[in-house]
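A.B. asks: The structure's right below; bear with me while I get my questions together.
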Amino acid sequence: PGIDKISSFTLKKVTPEIVNILSYLINFSFECGVFPSQLKTAIVVPVYKSEGKFICSNYRPISLLSCMSKIYEKIMKKKLLGFLNYTGFFSKNQFGFRECMNTEDALTNFMTNIYSGLNANRCTSGLFLDIKKAFDTVEHEILLKKLDISGIRGVTHSWFKSYLTERYQCVKVCSNLSEMGQITHGVPQGSVLGSVLFIIYINDLCNAKFQGKITSFADDTALSYTKDSWTDVQTSMTKDLEAIQWWFTTNHLALNSEKTKYINFNLRKDIQFAEPIIYKCANCLLNPYTNSCSSKGCSIVGKTCKIKYLGIYLDQEINWKNHIENIKGKLNNVIRIFYFLRNMCCETTLRMLYFALVQSRIQYGIFLWGSANKTNLNAIYLQQKHFIRIMTFARKAEPSRPIFTRLRILPLKFLFVFKVIKIYYEICNGTTSQENEHKRKLRNANYLGVPKPNTAFFTKSFIFIAPWLFNKLPNTIKNSKSKCIFLKKTTKMVV
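Every letter in the sequence shown is one number past the one before it in the numbering used here, and letter 222, counting from 1, is 1491.
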C-alpha cells in the first residue's frame, strides 16, 4: 500500500460498496482534467542490492504509490494506448510496453539484422546504448509538448499536466519517514502510466533516420550496422553517435558513455577499428573545429567481445557459449532447492516449481541460442535430466525419456523446436505486431520460402530455421483454426 495505507486486498473486498462512487470520481477527474493531489505522493523504500551497505548507490529505490491511483491510471492507460495505436503513433522499432510485443520480439528484430548481414558477407556490428537514469530525467515540459504533438490535447492534456506536476515523495527506512520532497523531473516510478509516457518521450528517437537499424525496448536501445567495409561501419557509427548526442541534448537526457559498448561480429577473428569511436560532447559538436575538448565531456566508446542485451548474452562469434554458461550457473543454484523440497512436496508441486524456476530460465530466448553447438547445449540437457530425476527419485541409470513424457516436460531440443514454431506462427498470423521480412509464400499456399544460406553459420539462425521447420509441419497443423488448437497439435507432435 501507498501512503494512504489502503491495500489492493482491502479494495477488492469493498468493491461492491465503492464501485459507483469510484466510477463517478474517475469520470469527474477525466472530465475536469485534474488528477487528485492526494494520490500524487509516493513512499520510496530503499532495497539493498549488493556490496557495501553504507553506500547509497548499492540500494534500489522502490516507489510505493496509492492503489487507488493505479485504478485511475489503468483506465487512462487503456484509453491512451487505444488512441495512439489507432493513429499509428508508435515507431515499429519500439517493442517496449506495447500490446503483443515483448523482449523476444526485440531480440528477433535485432538478430535478424545481424544474421542477414553476416549471411551477405558484410561487415556487421552492434552498438548498445545505455541511457543514464532514463526514467528519472524526463523533462515534464518536453513530455507535455510531445503529448500535444501525438494528439493528446484539451482536457486530456490538462489531466496529464495535473498528473505529472506537484508530485511529492518521502523515504521510508524501517518505520521512519523523511520530509516530503517535490519531484520536478521524471515519469512517476512504480506507476502504471510511467512506462507508456517514457516510450512516448523517446518515440521520435526510434523514428529517427540513422545509418544503422535501431531496435528499442523502452530505454534498452541497440543499433545494428551492415556495411561493405569496417571503415564504413566506423564512419556510420560515429555519425549516429553525433545524431544521438544532438537528440539527447535537445531532450535533456544523457548517455552513459562508460556503459555504452559496441561489438564487431565476426566468426573468425577479433576486428579492431583503425581509430577509436568517439562520443562527442555537445560543446564539441557546436564547435567542430576545436582541437581539444574544453569541457572534457568527450569519451571513447568501448569495444567489447560480449554484452548482455535484454537478458541474453551476445558475443562476437555468436556461439552462445556465454549465455549457456550463465543459464547453467543459475540452474546449479536451483538444484539445491529441489533436493531440499522433494521430501516435503508432491510431484505435482515440484513440477510447478520446475516450470517456475527452471523452464522459465531455459526457454527464454531459446529460439536464438537453441541451435548452438551440441557440446554447449548438452550441459543444459544434462541439468534437465538431473532435475526430473530429483523430482521422481529416479536412479541415474534409468532412461529419462519416459520420465519427460510422464511429467509432460519437453526435453531441450524439443522445447527449442516448439518455441521456434510458436513464435513463427505468431509472426505469420499477426498475433504479434512484429513485421516479418522473411514471410514469403510460394505457389503452394502452405509452403513458406526459406532464405538462401550463403554460409553454414546462417543455417543456425532463427530466420532460416523457423520457415524450414514450419514447412515440415503437416497441413492439418498449419491450417489450425486458432492459435490454441495449433499449439495443442504442435505439442502433441513434438512430445
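Where a beta carbon is used, it is the ideal one built from N, C-alpha and C, also for glycine.
List the residues that DSSP assigns as beta-bridge partners of L1396.
C.D. replies: Per DSSP, L1492 and Y1531.
A.B. asks: Can you give the Cα-Cα distance for K1750 and E1695, rounded to whole angstroms?
C.D. replies: Using only the alpha carbons, I get a separation of about 13 Å.
A.B. asks: Relative to the C-alpha of N1645, which residue among N1588, V1603 and N1723 is closest?
C.D. replies: N1588
A.B. asks: Measure the alpha-carbon distance for P1285 versus S1277 and round it to whole angstroms.
C.D. replies: 14 Å
A.B. asks: Please classify R1537: does DSSP put it in a helix, a strand, or coil?
C.D. replies: It is coil, neither helix nor strand.
A.B. asks: CB-CB under 6 Å to H1707, same chain, minus the five flanking residues each way: which ones, in chain order?
C.D. replies: Only weak support exists for where H1707 lies, its pLDDT of 48 falling under 50; the value from the coordinates is given anyway. Correct list, in chain order: P1720 and I1732.
A.B. asks: Relative to the C-alpha of C1439, which residue among F1662, T1310, I1604 and N1296 is closest?
C.D. replies: T1310
A.B. asks: By alpha-carbon positions, which one of Q1652, T1617, L1412 and G1639 ends up nearest to L1600?
C.D. replies: Q1652
A.B. asks: Where do the ends of the alpha helix (DSSP H) carrying S1774 lie?
C.D. replies: The structure shown does not extend to residue 1774, since the chain spans only 1270 to 1764, so no value can be given for it.
A.B. asks: Counting Cβ pairs, one atom from each stretch, are 3 or more of them under 8 Å apart for the stretch 1410–1428 and the stretch 1532–1542?
C.D. replies: no
A.B. asks: At the level of alpha carbons, what is the spacing between G1459 and L1333?
C.D. replies: 6 Å
A.B. asks: Which of the three DSSP states is assigned to D1584 in this structure?
C.D. replies: strand
A.B. asks: Under 8 Å, do F1364 and D1374 count as touching if we go by C-beta distance?
C.D. replies: yes
A.B. asks: Mind listing, in chain order, the continuous alpha helix (DSSP H) runs of no fewer than 4 residues lying wholly within the stretch 1356–1425?
C.D. replies: 1372–1388 and 1409–1419
A.B. asks: Once the 5 residues before and after C1753 are set aside, which same chain residues still bring their CB inside 6 Å of it?
C.D. replies: none
A.B. asks: Are there three or more Cβ pairs, one per stretch, closer than 8 Å when the stretch 1600–1617 is compared with the stretch 1633–1642?
C.D. replies: no
A.B. asks: Alpha carbon to alpha carbon, how far is S1498 from S1338? Give it in angstroms, no decimals.
C.D. replies: C-alpha separation (whole angstroms): 54 Å.
A.B. asks: Per DSSP, what kind of secondary structure is F1673 in: helix, strand or coil?
C.D. replies: Look at F1673 here: in three-state DSSP terms it is helix.
A.B. asks: For A1725, does the three-state DSSP call read helix, strand or coil?
C.D. replies: Coil, per DSSP.
A.B. asks: Return the CA-CA distance between Q1451 and S1306, expressed in angstroms with no decimal places.
C.D. replies: 13 Å
A.B. asks: Please say whether V1570 and L1679 have beta carbons closer to each other than 8 Å?
C.D. replies: no
A.B. asks: In this structure, does DSSP put E1633 in helix, strand or coil?
C.D. replies: The question names Glu, yet the displayed sequence has Tyr at residue 1633. Under the three-state reduction of DSSP output, Y1633 falls in the coil class, being neither helix nor strand.
A.B. asks: Indicate whether the contact test is met: 3 or more Cβ pairs, each with one atom in the stretch 1512–1530 and one in the stretch 1474–1484, closer than 8 Å.
C.D. replies: yes
A.B. asks: For C1439, which beta-bridge partners are listed by DSSP?
C.D. replies: I1312
A.B. asks: H1655 to R1630, Cα distance in whole Å?
C.D. replies: 16 Å
A.B. asks: Given that a residue counts as buried once 16 or more other Cβ atoms are within 10 Å of its Cβ, and exposed if not, what is V1442?
C.D. replies: exposed
A.B. asks: Bridge partners for I1452 per DSSP, in chain order?
C.D. replies: R1436
A.B. asks: Just how far apart, CA to CA, sit F1517 and I1468?
C.D. replies: 14 Å
A.B. asks: Please state if the CB of I1657 and the CB of I1635 are separated by a distance shorter than 8 Å.
C.D. replies: no
A.B. asks: Using the C-alpha atoms, what's the distance from N1647 back to F1346?
C.D. replies: A small correction: the amino acid at residue 1346 is Lys; Phe does not occupy that position in the sequence shown. Their backbone Cα atoms lie some 45 Å apart in a straight line.
A.B. asks: By the DSSP assignment, the alpha helix (DSSP H) with P1736 in it spans what residues?
C.D. replies: F1731 to K1741
A.B. asks: Helix, strand or coil, according to DSSP, for L1717 in the structure here?
C.D. replies: strand
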